[in-house]
Amino acid sequence: MSASQTHRTIDTIWRMESAKLIAGLVRMVRDVGLAEDFAQDALVIALDRWPESGIPDNPGAWLMTTAKRRAIDLLRRNKLRDQKYVEIAREIDLYTEDDIDRALDGEIEDDLLRLIFMTCHPVLSQDARVALTLRLLCGLTTDEIARSFLTAESTVAQRIVRAKRTLNAEKVPFEVPVGKELAERLSAVLEVIYLMFNEGYSATSGQNWTRPLLCQEALRLGRILAAIAPSEPEVHGLVALMEIQSSRLRTRINAKGEPVLLMDQNRAQWDQLLIRRGLTALEHARKLGRTLGPYAIQASITACHAVARTPSDTEWIRIAALYEALLRITPSPIVELNRAVAIAMAFGPAYGLQLVDELYGEPSLQGYHLLPSVRGDLLEKLGRLEEARTEFERAAAMTRNEQERTLLQKRAAACLQEGG
Amino acid sequence: MRYMLMVKANGYTEARVKPSEEHNAAMLAYQHSLAEAGVLLAAEELRPSSAGIRITYAKGSEKPEVLAGPFPIDPALVAEFTLINVDTEEEALDWAMRMPIPAERGASYAIELRRLEDKKENSRDPKLFTLEAELKDYLRL
Amino acid sequence: MRFMMIVKATTDSEAGVLPSQELIDAMQKYNEELVKAGVLLAADGLMSSASGIRISYPEPGGKPKVVDGPFTEAKEMIAGYTLIEVKSREEAIEWALRMPDPHGFGQGEIELRQVFEFEELMEDPVSRAKEEALRKQVDELKKA
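From first to last, the protein sequence lines are chains A, P and G.
If you read the first sequence in our numbering, its first letter stands for residue 1, the second for the next number, and so on.
If you read the second sequence in our numbering, its first letter stands for residue 1001, the second for the next number, and so on.
If you read the third sequence in our numbering, its first letter stands for residue 2001, the second for the next number, and so on.
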């Protein structure tokens, strides 16, 4: 193997093992920053030795042992002069080589889980949670994170440094929360993963309509979480949602780079493997026997589209029922608006319009251009063209998106023509 | 005898499309008349099946399957029920026929009438008391 | 990117000889590892070629020739596959190397193949140009 080839292999092994490595080290040193340093020390040693000695049989275990030795050496040395390390060093003495082997064997999964709960801890800002998770659990470089979010590398680097400092200052424990706290903290974890996914899925800036790297990282992390926390229905729900949404990634943009609406997408090109995986994950969630949470419900909605061979096969009644369920758990005017559209599709535009009209008094929807857009659409379907035109024009005046404004103005003009 | 009048689920109830004001008023008046006649025991609306959980014991398998809703919209799904206490089946049917149905809806609408099993105490007929006493004598109870 | 790890058939797999419990356990453990790393998409084993059917087209434009199994030349056949989603070619190789020897008696062979994905198809200038030409053709047909 040539030197550059070995370096590539080491880089790969690092990306595959770093999260587990860091998780195992955080358990020992209780400090995310220190753990990352020790893990990277081990990588540097590997880069130095492996090109000559060859890659060891179990590279993950090798890295772990090496990192741990570094940690012990350094902490013992520092214990003598720095009070800060005394506590950590004392705990480290309790660990033996057996612990490391055990850690690599099975308990590493628990450590990974603990690490996710740590990097997604509510003491951190949302941006910080996402950046730190991508860095420590997905093994992305600062540069890769910065490019994914279209921000400066220095901003991301600072964000990560500050996040690590906050975790330390707030003494965030390395543990999986239990009881009542679990649900709340788990939803914070899932939120981070879904945020990542969405950032990749619906990035609208420039030519990059979708940024697949983030989608893939989020999906991978979700799949890992489903494997190490299999009894949480919402984890499977989120995975189902991401799998099914990913199945449409390739049909979401046309050759010109423009977005294609769900109903216009070429269903033959949807990735059936991912759809099947999504449906299986959803089935897992349902079989855990608790009423569905917001992710599983959203996954069920996307599943309704995924299994419909043609747009006209869509089971709108079921979708409307699912929006109703979502509304009960997460009341929001936006969900109500979605529900109104589904109800219009299921039972006729008059029913949808009734709901939309009820939303007109909603303060949080004042100035929200999709409200008059939907109302205009329903009025047009009911043949009330003059009113429809007024709504489309109102909506066009509200939106800040140039492309949308043109579309809405076109629809307003069409109403005028049809009516005349 | 007690009867349960079950209104079966349909797309509207599963998606919780609100019935019209007229229907609500008619339903309220109907329940009022049930109460006035002294037959109303209970009247409840169920949440859609998305808020339900099904436990199925398949033949031969040890563990039940526990499945979260929503479930397919079929005659097994109930949306609301009214419990009444009447003297005859005719009376129960009469009340059931008087239940207002949302007129503006095209979807199928079904009401199922089921008699509740009487509790043992209620089924003791005074005419049979002497026979029972004889049995007890025989059994030396 | 997606890779398919193709396990080649062996004389044993063709004869319907089941793998040892040891190998089954090792494979199961390996699959679990893939799941816990979030890379496994699908994994399936195939029945021996005795139940297989081959459809070939020896004459261009002619009728297909249908032949029932079993077929000879185990090495040309596959016994199973594992589909994974990884970040790099190197990672795929790393995972393939970690798969237990699928035979254990000298005939084990795994072939690693990358799966075509939409992005590659689209970014390839040749296929893009072809698609462009095709679209023009369709447009012209529509006009006519």
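Built from N, CA and C at the ideal position, the CB exists for glycine as well.
Beta-carbon proximity of residue i to residue j, cut-off 8 Å
i	j	result
Q245 (chain A)	T330 (chain A)	no
E1112 (chain P)	M1006 (chain P)	yes
A46 (chain A)	L136 (chain A)	no
F2071 (chain G)	G2045 (chain G)	no
E324 (chain A)	R339 (chain A)	yes
A218 (chain A)	I193 (chain A)	yes
G1011 (chain P)	I317 (chain A)	yes
A39 (chain A)	I108 (chain A)	no
I2084 (chain G)	V2039 (chain G)	yes
E2014 (chain G)	S2049 (chain G)	yes
A281 (chain A)	A306 (chain A)	no
T166 (chain A)	L140 (chain A)	no
Within chain A, partners of residue i - CB distance below 7 Å
i	result
L1067 (chain P)	R286, K287, G289
S2088 (chain G)	T12
Nearest candidate by alpha-carbon position, reference residue i, set the options
i	options	result
K287 (chain A)	A:R49, A:I108, A:R185, A:E234	A:E234
V1086 (chain P)	P:E1065, P:A1025, P:R1115, P:S1108	P:R1115
R162 (chain A)	A:D143, A:E181, A:A128	A:A128
L21 (chain A)	A:I10, A:E36, A:R8, A:T9	A:E36
Q5 (chain A)	G:V2067, G:R2089, G:T2010	G:R2089
L378 (chain A)	A:F347, A:A169, A:L190	A:F347
A2079 (chain G)	G:K2029, G:D2012, G:G2104	G:D2012
A1076 (chain P)	P:G1052, P:I1084, P:A1096	P:G1052
T425 (chain A)	A:L359, A:L262, A:A395, A:E258	The structure shown has nothing for residue 425 (chain A), since chain A only spans 1 to 420.
L75 (chain A)	A:L112, A:D31, A:W50, A:P51	A:D31
E391 (chain A)	A:L359, A:L370, A:Q403	A:L370
E393 (chain A)	A:G383, A:C215, A:S373, A:N401	A:S373
T133 (chain A)	A:W62, A:Q298, A:I160, A:E52	A:I160
G376 (chain A)	A:P259, A:P363, A:P349	A:P349
L2023 (chain G)	G:R2054, G:E2094, G:T2082, G:F2105	G:F2105
L355 (chain A)	P:K1008, P:Y1003, P:A1009, P:A1015	P:A1015
E1036 (chain P)	P:P1070, P:W1095, P:E1089	P:W1095
D110 (chain A)	A:A229, A:I275, A:L327	A:A229
G2108 (chain G)	G:K2036, G:K2063, G:T2010, G:L2034	G:T2010
K2008 (chain G)	G:V2086, G:D2101, G:A2037, G:P2064	G:D2101
L113 (chain A)	A:A169, A:L186, A:K171, A:A42	A:L186
Limits of the unbroken beta strand (DSSP E) element including residue i
i	result
Y323 (chain A)	Where Y323 (chain A) is concerned, there is no enclosing beta strand (DSSP E), although the alpha helix (DSSP H) it sits in stretches over 316-329.
T2082 (chain G)	2078-2085
N1085 (chain P)	1078-1085
Y1003 (chain P)	1002-1008
V2035 (chain G)	Here V2035 (chain G) belongs to no beta strand (DSSP E); instead the alpha helix (DSSP H) covers 2021-2036.
F2003 (chain G)	2002-2008
A2015 (chain G)	Looking at the DSSP string, A2015 (chain G) is not in any beta strand (DSSP E), and its letter there is neither H nor E.
S148 (chain A)	Unbroken run through S148 (chain A) is the alpha helix (DSSP H), 142-148; no beta strand (DSSP E).
Q366 (chain A)	Segment: none, Q366 (chain A) is in no beta strand (DSSP E) and carries neither H nor E.
Q2114 (chain G)	2110-2114
D2068 (chain G)	2065-2068
A2042 (chain G)	2040-2045
R1115 (chain P)	1111-1115
Chain P residues whose Cβ lies nearer than 7 Å to that of residue i
i	result
A321 (chain A)	E1014, A1015, P1048, S1050, P1070
Chain A contact residues for residue i, given Cβ-Cβ distances below 9 Å
i	result
I1073 (chain P)	I317, R318, A321
L2041 (chain G)	L273, L274, R277
8 Å Cβ cut-off: residues of chain G touching residue i
i	result
E109 (chain A)	K2036
Heavy atom of the ligand ZN within 7 Å of residue i beta-carbon
i	result
L2046 (chain G)	Of ligands this structure carries none, so the ligand ZN is not represented either.
Chain-ordered chain P contacts of residue i [CB-CB under 9 Å]
i	result
L282 (chain A)	In chain order: nothing, as chain P lies at least about 10 Å away.
E324 (chain A)	E1014, A1015, R1016, V1017, P1048, S1050
Neighbouring residues, chain A, relative to residue i (Cβ below 8 Å)
i	result
R2091 (chain G)	Reading the sequence as shown, one finds Glu at residue 2091 (chain G) and not Arg. Residues of chain A passing the Cβ test: T12, R15, M16.
E2094 (chain G)	T9, T12, I13, M16
I1101 (chain P)	In chain order: nothing, as chain A lies at least about 16 Å away.
I1053 (chain P)	G289, R290, T291
G1011 (chain P)	I317, A320, A321, A346, F347
Delimiting residues of the alpha helix (DSSP H) encompassing residue i
i	result
E191 (chain A)	180-201
T1056 (chain P)	Careful: T1056 (chain P) lies outside any alpha helix (DSSP H), inside the beta strand (DSSP E) at 1053-1056.
E2094 (chain G)	2089-2098
G222 (chain A)	212-228
G419 (chain A)	402-419
Any C-beta of chain B under 8 Å from that of residue i
i	result
G2080 (chain G)	Among the chains of the structure shown, chain B does not appear; the protein chains present are A, P and G.
task: Can you give me, in chain order, the residues of the segment 3-35 of chain A that have a beta carbon less than 8 Å from any beta carbon in chain G?
output: Cβ contacts with chain G: R8, T9, D11, T12, I13, R15, M16.
Selection of the segment 208-233 of chain A by Cβ proximity to chain G, strictly under 8 Å: So the close ones are P212, Q216, L219, R220, L221, G222, R223, I224, A227, I228.
Near-chain P residues of the segment 340-364 of chain A (beta-carbon distance less than 7 Å), N- to C-terminal order: For the segment 340-364 of chain A, the residues whose beta carbon sits under 7 Å from a beta carbon of chain P are, in order, I343, A346, F347, Y351.
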